[in-house]
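Engineer:
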Amino acid sequence: MQFLDSSRQTLAVIGAGKIGTAILRALKDEWNVIGTGRSDETIERVRRVGAIATKDNSMACRIADVVILSVKPSHLRDLLPLSRHLEGKLVISVLAGVRTSMLESEFPKARIVRAMPNINAIIGASVTAISAGRSARESDIEVAERIFRKLGYVFRVPEEYMDPITALIGSGPALISEIIDAMLLGAVAAGMPRELAYEMLLKLMEGTVRALEETGMHPAQLRDLVTTPGGTTIAGISVMEEMRVKSGIIYAIKGASDRAKELGMHMESLVLAQT
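So, in structure tokens, the structure goes:
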């Protein structure tokens, strides 16, 4: 075990995947940080960011002041024996679909906060939603906000919004990447070199977001500014309408939200069956 600075609090990330490792990297200069994992590859990745690495979840929870649960939802059952090591501690869950009420029933003496960051945490540009469980204090929520501000933007939200937020924010980078990839392929099909199209497309996305933020326009208003009668833009939009692209995106968000809810209900049933 590496030396722990007694002047700092200790934070443990249980299940240091990509986002968990990003948390460790962002906090290592202010906290004692511990990351756990099952594989040698994970342990080595945790060590490379300057955190204490271990495969012993119990030990990590025992010495931590704050514990972040960052395993896959399907592995939640494996964490139930940790309950006695979480007594009196702030536990932040980033498990998709898993409600604070369920965690409070399994870890009754812990204080629970739920968070949903996204993969952009790896560059400090995450959007993270935070909801407090009934057991959490205001000071606990503030600690969670301070942690995730190190990774990007933070929004405090009612937990009832967490499933659609999981779809919009958690899955959002993948969905947006699909849209970017489709536009890139379209540009290539129209005759552009791939590298040039990709470079210009990223700048296009950046500029469009900036225009929306700085003008306060609704996306439909910006669309209408570009769309002229009989022009190229309306021709492209007409094809998108014919192919039901907008409907597909709407249903993608709704489908991802429904899946988050299903995952949570499934995990609750498995945990209840085990207990």
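Be aware that the sequence shown starts at 246, since it is given in this note's numbering, and climbs by one per residue. C-beta atoms are modelled at their ideal positions from N, C-alpha and C, and glycine is treated no differently. Every value quoted in this text rests on a predicted model; they were computed, and no experiment measured them.
Note down the Cα distance separating residue 499 from residue 409, rounded to an integer number of angstroms.
Structural biologist: If you take the alpha carbons of residue 499 and residue 409, they lie about 7 Å apart.
Engineer: Exposed or buried, residue 362, counting other C-beta atoms within 10 Å across all chains shown (16 or more means buried)?
Structural biologist: It is buried - the Cβ of residue 362 has at least 16 other Cβ atoms within 10 Å.
Engineer: Below 7 Å CB to CB, which residues in the same chain sit around residue 349 once its five sequence neighbours on both sides are set aside?
Structural biologist: Taken in chain order, the residues that qualify are 357, 378, 379 and 380.
Engineer: Quick one: Cα of residue 319 to Cα of residue 271, how far?
Structural biologist: Residue 319 and residue 271: Cα-Cα distance of roughly 26 Å.
Engineer: Quick one: measure Cβ to Cβ for residue 311 and residue 256, integer angstroms, because I've assumed they're closer than 8 Å.
Structural biologist: About 5 Å separates the two Cβ atoms, so the contact holds.
Engineer: Leaving out five residues on either side along the sequence, give the residues of the same chain with a beta carbon under 8 Å from the beta carbon of residue 418.
Structural biologist: Closer than 8 Å at the Cβ level, and outside the excluded window around residue 418, lie 363, 364 and 365.
Engineer: Within 10 angstroms of the Cβ of residue 469, are there 16 or more other Cβ atoms? Answer buried if so, exposed if not.
Structural biologist: Flag for residue 469 reads exposed.
Engineer: Looking only at its chain, what residues have a beta carbon closer than 8 Å to the beta carbon of residue 446, apart from the 5 residues adjacent to it on each side?
Structural biologist: The residues are 425, 428, 429 and 432.
Engineer: Check residue 393 in the structure and name its three-state DSSP category.
Structural biologist: Helix, per DSSP.
Engineer: Label residue 279 either buried or exposed according to how many other C-beta atoms from any shown protein chain fall within 10 Å of its C-beta, with 16 as the threshold for buried.
Structural biologist: Buried: at least 16 other Cβ atoms inside 10 Å.
Engineer: Going by beta carbon distance, what residues of the same chain come within less than 7 Å of residue 351, once the five residues before and after it are set aside?
Structural biologist: Hits under 7 Å: 325, 328 and 516.
Engineer: Just the Cα atoms here: how many angstroms apart are residue 286 and residue 299?
Structural biologist: Those two C-alpha atoms are separated by around 12 Å.
Engineer: To the nearest angstrom, how far is it from the Cα of residue 269 to the Cα of residue 479?
Structural biologist: Each residue's Cα considered, the two are about 47 Å apart.
Engineer: For residue 374, does the three-state DSSP call read helix, strand or coil?
Structural biologist: Strand.
Engineer: On the DSSP bridge assignment, give the partners of residue 406 in chain order.
Structural biologist: BP columns for residue 406 are empty, so no partner.
Engineer: Quick one: measure Cβ to Cβ for residue 337 and residue 360, integer angstroms, because I've assumed they're closer than 8 Å.
Structural biologist: Indeed, because the Cβ distance is near 6 Å, the residues count as touching under 8 Å.
Engineer: Among 404, 375 and 402, which residue has its Cα nearest to the Cα of residue 390?
Structural biologist: For residue 390, the nearest C-alpha among the options comes from 375.
Engineer: For residue 315 versus residue 262, is the C-beta distance shorter than 8 Å?
Structural biologist: Yes. Within cutoff.
Engineer: Using only the alpha-carbon positions, how far apart do residue 442 and residue 313 sit?
Structural biologist: Answer to the nearest angstrom: the Cα atoms are 40 Å apart.
Engineer: Excluding the 5 residues flanking residue 331 on each side, which residues of the same chain have their C-beta closer than 8 Å to its C-beta?
Structural biologist: If we look at residue 331 and ignore the five residues flanking it on each side, its Cβ neighbours are 306, 312, 352, 354 and 355.
Engineer: Between which two residues does the beta strand (DSSP E) containing residue 281 stretch?
Structural biologist: Residue 281 -> beta strand (DSSP E) spans 277 to 281.
Engineer: Given a threshold of 16 other Cβ atoms within 10 Å of its Cβ, counted over all protein chains shown, does residue 471 qualify as buried or as exposed?
Structural biologist: Answer is exposed; the Cβ neighbour count stays below 16.
Engineer: Going straight from the alpha carbon of residue 341 to that of residue 505, what length do you get?
Structural biologist: Approximately 6 Å between the Cα atoms of the pair.
Engineer: DSSP three-state label for residue 292, please.
Structural biologist: It is helical.
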